[in-house]
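**Student:** Sharing a structure with you now.
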Amino acid sequence: MDEIEYKLNTGNSVLVVNAVEKLISLIKSKFKPADRKKFVLENEELKFLREKCSAKETVVSLTSCQGLLALVELGVLEIGHTMSTIVTLLPTAHNYSAIISTMAGLLILDLKSRLVPGQAYVCQFSLKSPQHPFITVLEKNKTAEDDVLTQMHALCTHPDYIVSSNSLELLRPVFLWLTCNPQHAGGARPWQLLLSLPQCRAQMTLLLSCLSCQQICNPKLIERAFDAYAAVADTAIHRRDRPYVVALLPMLARISNELIKHGRDPRACYSLMERCLSLEAPELLHVASLTLLLLADNLPLTSALHLHELFNLCLNITSKYKCSSISLSAFIALSLQWVHMPSYLTTSALKVGSKILDLYQANDYEDRLDMPNLKTNKIFEALYYTDNRLSVTFKLNEIWERLRDNPDKLKSWLGAIEEVNGAMKLELVVFLIGIAMERRQEEWFEEVIVRALRIVVDAVDIKKELSVMLLPVLMYKIANDKSPAENVPNIVSIMTKLKAGKGVPTSFLIAMYTSLAETQVRCFPYLQEVLAETALGRPDELKWEVDIAKAAAVDRICEIRPSTHGLELVSTISSILNRCTDKAGSVSTSLVLRALASLWRGAAVAPPSTWRALDPKLARDSRVTVQCSICKLLSVVPALRVNTPEYDQLISVAARRLWSYMADSNQPQVVEAACDALAHYRVDDYKLKDLPEIYRIIVIVHYRSTVKLPASYCKTPADAARKPEDVLDYIPCEVWPEVFKYTNQQALAGVERLTSKLIEREVKSYRSGVYQPDGPAEPQGMGYLPATSVLRGLMDCFRKQVTSPSYDYTDAVLLSMLRTLTAEYPRPLPPVDLCFVHEALHKGTQWRSGGLKLAARQAQSVGSARRLVDNWLQAIQPESTEESEILLMFSLLPILCRGMPPNTLRGPLERCLGSSYSASTSLRAKDLEEQPLFVRQLDMVREALESDRIHDANRTLLSQIVENYFSVISDDHVAWPAYVQTCRHLSSKYLERMTSPSSWWEVTSEALRKASAVRCAVALTVAESGAAAPLNWLNELIDAQAGHIADQQYSLQCILAPLKAVKPDDKSTREWFLQLMARTQVAFKETDELSAHLYLCDVFILSTVVFSGHWWLDSERQLPVNRETLRVLLPGAAAALFEREAWRENTIQMLEWLSHSRDCVQHPAVALSCQRALIALRHSAHFAAHRIWTRLESYFGKQTNIDD
């Protein structure tokens, strides 16, 4: 050993080699294979050799390491143990090149030992564990990178084909570490080495894997990412590799945007793109439009310093390759803000920009199908998923190329975009502005432009800064409109000539001037001049046609500008009223009366003085249309009420006029108009003397004492002899039946509306004491109500006519009173004995339904009504009762459930539903001409459940009845849709009991389908109502459906609606999403069923896509849900969703889920989708902080073909 040590210390290479050779011989002579483990640990010569591997002398350490390698080749040492030994020497090593070269030799030996004929070599090392030895060296000593790269180059160019052909797989983790590690500074050498290797599938796959991990949106790594793409692009240009150049152009455009966003100089990127474009490849035609649209994003962000180069690049693209109209339009739209505010700093740039604008105005574009051709580029496809903005822009272009010539589908798609969340609208702004700037001439496209602008305006509400971008676009659109404001003088001049020539109908001219005055205030004097002239038009022109045109113009101007121009039109209104007094002038008069109402509402003229002037003339007008218009005019008066004598007199006069129309008119429409107008007045706005004599005199003549003076007015015989109308300042209740009786019988519906409105106000004013009359018995009448009570008059008259008919009132009048009494009021009517209703039930169908409805409404507070209804319900038997009677019961259900006890309702409801269900089991929807009885009954049950006024006990009853049918009715039954809609209004207790699989004896496919429909409908209802946590209704359904493969597609279809209905950024939505993550991961461990794994993944992916808004990037949005489409949309959707502020804190959970699911779910498409989503999320801080990037390598190792 002394001789060996002496030779090692001489520093002579020959002696050192000789010494190491002797050590190897000694070690080999003492080695016994049976004692290998003990020998390796205890042999002194071997220990000595290992020590010398860390020697300071380069020759000694290098030769000693070669000695260890030789011992491996001789079979003395094992490869794995020796590699571990070399790694342990790293802390004490002085010569890393020796250690690294030995590692390379060991890697070659390991590679050869693992080769299996007919199978591809798979590297055993990774980024984590077991970690690649070269990575261990790089982490221990950053200065060793050059030595590592030297050995990597040697391996890749090794003369042994076996080594060189498998070198990329052997070194894959190292390449990924050098190029993708966020904590590593990186450099050009790894890329140069990778690009210098012969092109093959493995090289392409590894290159794209490394490129896809570059964090172009990270301000700390953006320049490193650009260097990587620049290295690949330069090589592709040098090799004239067209597929690479085409694929890299859009990515370079995106990188330029990020460079600008983070304050870096983008000109090097622009220059590189210019070199790419100089390749003169025909394939560049298909990527030019997409690149231009991506470069448009730079315009709002770029500085004046870099604007010239940007315009130059885009001019090169647009002039060399005719871009699509949408891309060119979007670029021009965003460049307008620079043109709108020129500066000395941008003079040269705007000269170039103006050339692009000239191309746009010359329609120098070409609409092709670029995106399908671009999609065939496999390199682009691999990079497309790595960036959310690129994927969204590509998808928008793809949809546009498919829908741009289909009006219906295009409008439908834009309508759907109006519903997306704000974050997604901001993503679409550039594209939508491009649509707005399209120069297409089709008429239908105007609506498309309006819709696009509407969405952009909505986005401005979210982000105010967008107004700077939108304003120049709107100004440009206005300036280039077919009828811009600058043409107004020319239009007026032409119209003046037309007017002077008397060759155009005056009515046409007036309509034109009105349209002009609507949009251009300055044109109002021209309209005013035309309205004032009387000798216009041709001799054969019809006077009434001109008058209508003038009246319509006045009406329109008074409607939109009553306070500014309305007063100036008063003379025209007066002129039309004075002139249009014949039947032909009815429409004109009606229009100006409507205009006058607008002036009253706009406080342009005073109603009292106006009516005083008009009243004498209008009082004599007998035209039906005009009288209806007068009623509508007078209906405005109460809303303008002011506490002055003038207004009090106006209200009195107006009410008197309306009452006279009610009494005197033979036209039902006039009477109804008067009734509707009077409904706006309070009952104390008119007195007995305001009523026409037909309502008050006949009462005195026929009944003499019907309207008596109260005792307070009859203190002396002289006082008692006075006429009631001269004394009473109110309308006695006895008058109201006469109003029904003596009003035009064809207009009773108007009287019903009037009296119902008065009763509604009356009932609202009642105090609780009214509902508690004196005495144990129910009052026989409503005499305890005030003498002014409308309700008292109608109820007492109706009761009297039913019990002791005088036959003075026709059935039509009495039924009209009954409909008034049974109308919906905020509170029940005061109590009265309703035993008399029995006698009305047998007088006909209308009497019966009205009487039962009255009793049902009063059953809550009146015992006699409750008894009547109880007896009626018990008599209903589906076998003997007519269908109309059964339907009457169900139609009254919302009312019955307020006052009748459940025990009374249960029997008839269950009997009728059971009978109708049995009759409907054999029916099929396609054979039906009308809805089955069971469906109609369910609809009425639903209406009852929807009511918030029914008693809780009856709500329980209805819920129990509906629940019982869940296990009976099948999901293909004709009544199933109606049943689901009814279930939406059940309480959670019954819904859980019905649809919770955990409460079932057996979970069947049919039950799950039904539960899916019901639970998703309920979740949708909860979401639409704004209640908390609507998606919790889906949890148990999802868990149960995972185990039943047959109906999983149907389940996804059902789940979609509630997912779209919720607010995606709400806390409850995010909590549900996190719970879904946890539940899926638990399920992955508990079950090995691939179908369950796939279903849970698809639910999660569907949720991500819908919450992000990317669901709307599918132009068809087909049902059933396309699971393959969802997986394609996941990467961009995940990136978009977790960029939002509300979701950002949950990014790490998403990254962990994607990583776990990719490895657990044994399905290539799901694994690929998860891997792409991980890459799309690489810009988050958690990606580096939690070393998520190291997990990408395991999938890259499996990916042998970029077509997968």
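Under the UniProt record's numbering, read the sequence shown as residues 1 to 1204, first letter to last. For each residue, glycine too, the CB sits at the ideal point set by N, CA and C. If you're wondering where the values come from, they're calculated on a predicted model, not measured in any experiment.
(1) Who does Ser-126 pair with in a DSSP beta bridge?
(2) Ordered along the chain, which non-local residues of its own chain (more than five positions away) have a Cβ less than 7 Å from that of Tyr-703?
(3) Three-state secondary structure (DSSP) at Met-83?
(4) In terms of alpha-carbon separation, which member of Leu-49, Tyr-270, Lys-741 lies closest to Ile-317?
(5) With DSSP as the reference, label Asp-684 as helix, strand or coil.
(6) Please check the pair Ile-1175 and Thr-143, which I expect to be a contact at CB under 8 Å, by giving their CB distance rounded to whole angstroms.
(7) Taking the alpha carbon of Ala-1027 as the reference point, which residue from Val-1062, Ala-1013, Glu-1002 has its own alpha carbon closest?
(8) Short of 6 Å in beta carbon distance, which residues of its chain neighbour Phe-1196, apart from the five on each side in sequence? Order them along the chain.
(9) Among Ala-532, Ser-1180, Leu-854, which residue has its Cα nearest to the Cα of Pro-830?
(10) Inspect the CB distances between the stretch 1059-1075 and the stretch 1123-1130 and report whether three or more fall short of 8 Å.
(11) Could you tell me which uninterrupted alpha helix (DSSP H) segments, each at least 4 residues in length, are contained entirely in the stretch 855-897, listed from first to last along the chain?
(12) Check the C-beta distance from Val-813 over to Lys-741 and give it rounded, since I have them as a contact under 8 Å.
(13) Comparing alpha-carbon positions, which option in Ser-849, Gln-858, Gly-899, Asp-241 lies nearest Ser-891?
(14) Using only the alpha-carbon positions, how far apart do Ala-856 and Leu-599 sit?
(15) Quick one: measure Cβ to Cβ for Leu-1052 and Leu-1102, integer angstroms, because I've assumed they're closer than 8 Å.
(16) Within a Cβ cutoff of 6 Å, which residues of the same chain sit near Ala-230, ignoring the five residues on either side of it in sequence?
(17) Apart from the five residues on each side of it in sequence, which residues of its chain come closer than 6 Å, Cβ to Cβ, to Gly-899?
(18) Between the Cα of Met-940 and those of Leu-923, Glu-963, Asn-964, Leu-909, spot the shortest distance and give me the residue it belongs to.
(19) Alpha carbons only, please: which of Leu-310, His-306, Ser-327, Ala-268 is nearest the one belonging to Ser-292?
(20) By the 10 Å Cβ neighbour count, where 16 or more other Cβ atoms means buried, how is Cys-912 classified, buried or exposed?
(21) Per DSSP, what kind of secondary structure is Met-782 in: helix, strand or coil?
(22) Quick check on DSSP: helix, strand or coil for Tyr-513?
(23) Taking the beta carbon of His-973 as the centre, do at least 16 other beta carbons fall within 10 Å, making it buried, or is it exposed?
(24) In three-state terms, what does DSSP make of Leu-461?
(25) Say whether the stretch 964-978 touches the stretch 915-925, bearing in mind that this needs 3 or more beta-carbon pairs closer than 8 Å, one atom from each stretch.
(26) Mapping DSSP to helix, strand and coil, what is Val-605?
(27) Tell whether a beta-carbon distance below 8 Å holds between Leu-195 and Thr-235.
(28) What distance in whole Å lies between the Cβ atoms of Leu-1113 and Lys-395, which are believed to be in contact at a cut-off of 8 Å?
(29) Can you give the beta carbon distance from Ala-1133 to Ser-1108, rounded, assuming they're within the 8 Å contact cut?
(30) DSSP on Ala-1063, reduced to helix/strand/coil?
(31) Roughly how many angstroms separate the alpha carbons of Pro-826 and Ser-988, rounded to a whole number?
(32) Please classify Thr-904: is it buried, with 16 or more other beta-carbons within 10 angstroms of its beta-carbon, or exposed?
(33) To test your reading of the DSSP string, which unbroken alpha helix (DSSP H) runs of 4 or more residues are found completely within the stretch 808-837?
(34) If you follow the alpha helix (DSSP H) that Tyr-161 is part of, which residue opens it and which one closes it?
(35) Taking the runs of the alpha helix (DSSP H) that are 4 residues or longer, which of them lie wholly in the stretch 288-336?
**Tutor:** On the basis of the supplied data:
(1) Here residue 126 refers to the residue found at position 126 of the sequence shown. Beta-bridge pairing links Ser-126 to Gln-131.
(2) If you number the sequence shown from 1, residue 703 lands on position 703. At Tyr-703 the pLDDT is 40, less than 50, meaning the model places this residue with poor confidence; the figure from the coordinates comes in the next sentence. Once the five neighbours on either side are set aside, Tyr-703 has no close Cβ partner at all.
(3) Walking along the sequence shown from the start, residue 83 turns up at place 83. Here Met-83 sits in helix by DSSP.
(4) Counted from its first residue, the sequence shown places residue 317 at position 317. Checked all of Leu-49, Tyr-270, Lys-741; the closest Cα to Ile-317 is Tyr-270.
(5) In the sequence shown, residue 684 corresponds to position 684, counting from 1. Of the three classes helix, strand and coil, the one that applies to Asp-684 here is helix, per DSSP.
(6) Here residue 1175 corresponds to residue number 1175 of the sequence shown, with the count starting at 1. Here residue 143 corresponds to residue number 143 of the sequence shown, with the count starting at 1. At roughly 31 Å, the Cβ-Cβ gap does not stay under 8 Å, so Ile-1175 and Thr-143 are not in contact.
(7) Position 1027 of the sequence shown, counted from the start, is the residue given in the question as residue 1027. Nearest of Val-1062, Ala-1013, Glu-1002 to Ala-1027, Cα basis: Val-1062.
(8) On the sequence shown, residue 1196 is found 1196 positions in, with the first residue counted as 1. Excluding residues within five positions, the ones whose Cβ falls inside 6 Å are Ser-209.
(9) Taking the sequence shown and counting its residues from 1, the one referred to as residue 830 is at position 830. Checking every option, the nearest Cα to that of Pro-830 belongs to Leu-854.
(10) no
(11) 863-874, 883-891
(12) By 1-based counting over the sequence shown, the position of residue 813 is 813. By 1-based counting over the sequence shown, the position of residue 741 is 741. Confirmed, Cβ separation roughly 5 Å.
(13) Sequence index remark: in the sequence shown, residue 891 carries index 891 (1-based). Cα-wise, what sits closest to Ser-891 is Ser-849.
(14) In the sequence shown, residue 856 corresponds to position 856, counting from 1. In the sequence shown, residue 599 corresponds to position 599, counting from 1. Each residue's alpha carbon lies about 47 Å from the other.
(15) Within the sequence shown, numbered from 1, the residue matching residue 1052 stands at position 1052. Within the sequence shown, numbered from 1, the residue matching residue 1102 stands at position 1102. Indeed, because the Cβ distance is near 6 Å, the residues count as touching under 8 Å.
(16) Position 230 of the sequence shown, counted from the start, is the residue given in the question as residue 230. So the list reads Leu-272, once near-sequence residues are dropped.
(17) Here residue 899 corresponds to residue number 899 of the sequence shown, with the count starting at 1. Counting only Cβ-Cβ distances below 6 Å, and skipping sequence neighbours, we find Ala-859, Gln-860.
(18) Position 940 of the sequence shown holds residue 940. Comparing Cα positions, the closest option is Leu-909.
(19) Numbered from its first residue, the sequence shown carries residue 292 at position 292. Strictly speaking, residue 292 in this sequence is Leu, with Ser absent from that position. Here the closest residue by C-alpha is Ser-327.
(20) Taking the sequence shown and counting its residues from 1, the one referred to as residue 912 is at position 912. Burial call: buried.
(21) Along the sequence shown, read from residue 1 onward, the residue named residue 782 stands at position 782. Residue state, collapsed to three classes: coil.
(22) The residue given as residue 513 occupies position 513 in the sequence shown. Reduced to three states, the DSSP call for Tyr-513 is helix.
(23) For the purposes of this step, residue 973 is taken as the residue at position 973 of the sequence shown. Counting Cβ neighbours within 10 Å, His-973 comes out buried, since at least 16 surround it.
(24) As a first step, residue 461 must be located in the sequence shown, where it is residue number 461. Residue identity check: residue 461 is Asp in the sequence provided, not Leu. Reduced to three states, the DSSP call for Asp-461 is helix.
(25) yes
(26) Sequence index remark: in the sequence shown, residue 605 carries index 605 (1-based). Val-605 falls in the coil class under three-state DSSP.
(27) Here residue 195 refers to the residue found at position 195 of the sequence shown. Here residue 235 refers to the residue found at position 235 of the sequence shown. It is a contact, given that the beta carbons lie within the stated cut-off.
(28) Indexing the sequence shown from 1 puts residue 395 at position 395. Indexing the sequence shown from 1 puts residue 1113 at position 1113. Their Cβ separation, rounded to whole angstroms, is 5 Å, which keeps Lys-395 and Leu-1113 in contact under 8 Å.
(29) As a position in the sequence shown, residue 1133 is number 1133, starting the count at 1. As a position in the sequence shown, residue 1108 is number 1108, starting the count at 1. Confirmed, Cβ separation roughly 4 Å.
(30) Numbered from its first residue, the sequence shown carries residue 1063 at position 1063. The sequence as given places Lys at residue 1063; Ala does not occur at that position. It is coil, neither helix nor strand.
(31) In the sequence shown, the residue the question calls residue 826 occupies position 826. In the sequence shown, the residue the question calls residue 988 occupies position 988. Pro-826 and Ser-988: Cα-Cα distance of roughly 28 Å.
(32) Looking up residue 904 in the sequence shown gives position 904. The residue in question, Thr-904, is buried, as its Cβ has 16 or more Cβ neighbours within 10 Å.
(33) 811-821
(34) In the sequence shown, counting from the first residue as 1, residue 161 sits at position 161. Per DSSP, Tyr-161 belongs to the alpha helix (DSSP H) from 161-180.
(35) 304-320
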